[in-house]
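Asker: Number 204 in our numbering belongs to position 155 of the sequence shown; there are no gaps in the numbering.
Idealized CB from N, CA, C, for every residue including glycine.
Here the structure is a predicted model, which means the values were calculated and not measured.
This is the structure I have questions about; it appears just below.
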Amino acid sequence: MAIYDRYLTVLFFRVLIVLFSALCGLFMIVDFFDRLEEFIDIAETEGSLLSVAVEFYAPRVLSFFDRISGLVALIAAVFVVTWIQRSRELIAIYAGGIHLRRVMRPILICVILVAAFGIVNREVLIPSYKHRLTRDTRNWFGQDEVKIRPMYDRMTGVFLNGKAAVIADQKIISPIMQLPPGISSRIARVVGESARYHLADENHPAGYLFHKVSLPDKVNEIGNAVDRGEVILYTPLENEWLEPGTCFLTSRISVTDLTKKESNAVYSSTLELVTDFRNPSRNYNSTSHVLVHARLLQPLLDISLLFIGLPLVVSNKSQNVFLAIGLNLLLVVFYFLAQLLSHTLGTEGFVSPALAAWIPIFIFVPLAYLGLRKLS
């Protein structure tokens, strides 16, 4: 690596680190004081206030970087180019017969490295802290009752519902499960005081163990409920491992699935999302499908943003760093709006998830090609 390449690389990452630290620090300070009372309550059980704050915010640094990595990389590149313009270094470079594209090469490599780290961050680092990123300070220990999102089990046809859920215990309070019509049983609905989710073992597949069943009122005298040759409800009459007044409903939809927000899908890796899509019990909406397609194309968009933004700096006659950053901020706003609009079209079903992810590519890659020609 040439001396000047090292100079530009060091300058780029200095600006990147300072800018990201400032933005991330500002976000943490505002959010910390907004949650201060909740942190104090948690610290009474968990330990010091500092340890609780570190546990909460440390993984969110990775999440914050994932959201703004493209922005900070672009601004760092813009600052570097504007800086060497203002210091008249470009004039000396041109005088030496060095082409502008050669000067931009280390900056491009830096942006590619940031995009590559973004991939590792999204696919490895963030998913490893997913349980901490989805942790709510208002329900830190998972012992409070949370609202359930009623859901159909596509594999069994059972409609899952209940009053509330306790995530730490994988338990549903006052569960109400509607069985599909046409099963070989006179059971249409199962109601109990509580139901706890259990993984598959030698006695049963994954599902819910009901306690203090109130409907059907004589569950001990009723046989298993069978649908298309598969047992979907186990009763004490035919299963010795069940105690009187209990029953077991098969389902691959856990309490976590019933309570988690769709927005939390951003904390899962692409492999985890694709694996979840294969769960025959779940019906994923188009939001998660758009997310998978968009992730595959995100590095290309980040690099395209650089080739669009740098020509705005090179053609800046005034060599004003704030003007250059301002123009690129407008570019980033347009970029995020276009991405938001296209993804909304995909999630609402106006276009396919794949097309929704490709629309920004159709817009920005041609613009990046034009920008690259201006740099040549």
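Three-state secondary structure (DSSP) at residue 276?
Answerer: DSSP places residue 276 in strand when its eight states are reduced to three.
Asker: Mapping the DSSP letters down to three states, classify residue 135 as helix, strand or coil.
Answerer: If DSSP states are grouped into helix, strand and coil, residue 135 belongs with the helices.
Asker: Just to check my reading of the structure: residue 415 and residue 387 have Cβ atoms closer than 8 Å, yes? What is that Cβ distance to the nearest angstrom?
Answerer: Between residue 387 and residue 415 the Cβ distance is about 13 Å, and since that is not below 8 Å, they are no contact.
Asker: State the Cα-Cα distance for the pair residue 76 and residue 105, rounded to the nearest angstrom.
Answerer: So the alpha carbons of these two residues sit roughly 13 Å apart.
Asker: For residue 214 and residue 394, I'd like the C-alpha separation in whole angstroms.
Answerer: Those two C-alpha atoms are separated by around 33 Å.
Asker: In the structure shown, what three-state DSSP assignment does residue 209 receive?
Answerer: Strand at residue 209.
Asker: Any idea what DSSP makes of residue 222, helix, strand or coil?
Answerer: Note: residue 222 maps to strand in three-state DSSP.
Asker: Against chain C, with Cβ distances strictly below 8 Å, would residue 417 count as a contact?
Answerer: The displayed structure is made up of one protein chain only, and chain C is not part of it.
Asker: By the DSSP assignment, the beta strand (DSSP E) with residue 178 in it spans what residues?
Answerer: Residue 178 -> no beta strand (DSSP E), and no H or E assigned at all.
Asker: Please report the distance separating the alpha-carbon of residue 68 from that of residue 121.
Answerer: Distance between the alpha carbons of residue 68 and residue 121: 7 Å.
Asker: Is the stretch 274–286 close to the stretch 235–255, with three or more CB pairs under 8 Å?
Answerer: The answer is yes - the stretch 235–255 touches the stretch 274–286, with three or more Cβ pairs under 8 Å.
Asker: Quick check: does the Cβ of residue 390 come within less than 7 Å of any heavy atom belonging to the ligand NAP?
Answerer: As for the ligand NAP, it is missing from this structure, which has no ligand bound.
Asker: Return the CA-CA distance between residue 13 and residue 74, expressed in angstroms with no decimal places.
Answerer: Absent from the structure is residue 13, since the part of the chain shown begins at 50 and ends at 425.
Asker: Assuming residue 170 contacts residue 115 (C-beta within less than 8 Å), just tell me the rounded distance between them.
Answerer: With a Cβ gap of about 6 Å, residue 170 and residue 115 count as contacting.
Asker: Does residue 342 pass the burial test, meaning 16 or more other C-beta atoms within 10 Å, or should it be called exposed?
Answerer: The residue is buried, with at least 16 neighbouring Cβ atoms inside 10 Å.
Asker: Could you tell me whether the stretch 374–389 touches the stretch 315–324, using the rule of 3 or more Cβ pairs below 8 Å?
Answerer: The stretch 374–389 vs the stretch 315–324: no contact.
Asker: Rounded to a whole number of angstroms, what is the C-alpha to C-alpha distance between residue 60 and residue 211?
Answerer: Between residue 60 and residue 211, the C-alpha separation is close to 57 Å.
Asker: Measuring only the C-alpha atoms, how far is residue 389 from residue 336?
Answerer: If I take the Cα positions, the gap works out to 12 Å.
Asker: Quick check on the DSSP output: what are the complete alpha helix (DSSP H) runs of length 4 or more inside the stretch 353–397, in order along the chain?
Answerer: Qualifying alpha helix (DSSP H) stretches, in chain order: 370–396.
Asker: With burial defined as no fewer than 16 other Cβ atoms inside 10 Å of the residue's Cβ, what is the status of residue 85: buried or exposed?
Answerer: Its Cβ having fewer than 16 others within 10 Å, residue 85 is exposed.
Asker: Pairing CB atoms from the stretch 136–146 with CB atoms from the stretch 284–296, are three or more of them under 8 Å?
Answerer: No, because fewer than three Cβ pairs between the stretch 136–146 and the stretch 284–296 fall closer than 8 Å, the two stretches do not touch.
Asker: Give the DSSP-derived three-state secondary structure of residue 243 in the structure shown.
Answerer: Residue 243 falls in the strand class under three-state DSSP.
Asker: Is residue 192 helix, strand or coil by DSSP?
Answerer: Note: residue 192 maps to coil in three-state DSSP.
Asker: Report, in whole angstroms, the separation of the C-beta atoms of residue 253 and residue 241, which I expect to be a contact under 8 Å.
Answerer: That belief does not hold up - the Cβ atoms of residue 253 and residue 241 are roughly 16 Å apart, past 8 Å.
Asker: What do you get for residue 180, buried or exposed, if any count of 16 or more other CB atoms within 10 angstroms of its CB means buried?
Answerer: Residue 180 is exposed by the Cβ-count criterion.
Asker: Secondary structure at residue 281, three-state DSSP: helix, strand or coil?
Answerer: Residue 281: strand per DSSP, three-state reduction.
Asker: Taking only three categories from DSSP, how would you classify residue 295?
Answerer: In the structure shown, residue 295 sits in coil (DSSP, three-state: anything other than H, G, I, E or B).
Asker: What alpha helix (DSSP H) runs, 4 residues minimum, are completely inside the stretch 73–111?
Answerer: With a minimum length of 4 residues, the continuous alpha helix (DSSP H) runs that stay inside the stretch 73–111 are 85–95.
Asker: Sort out for me which residues DSSP pairs residue 200 with in a bridge.
Answerer: Paired residues: 209.
Asker: What residues in its chain sit with their C-beta under 6 Å from that of residue 186, if we drop five residues either side in the sequence?
Answerer: Contacts found: 84, 87.
Asker: Tell me whether residue 99 is buried or exposed, calling it buried when 16 or more other Cβ atoms sit within 10 Å of its Cβ.
Answerer: Counting Cβ neighbours within 10 Å, residue 99 comes out exposed, since fewer than 16 surround it.
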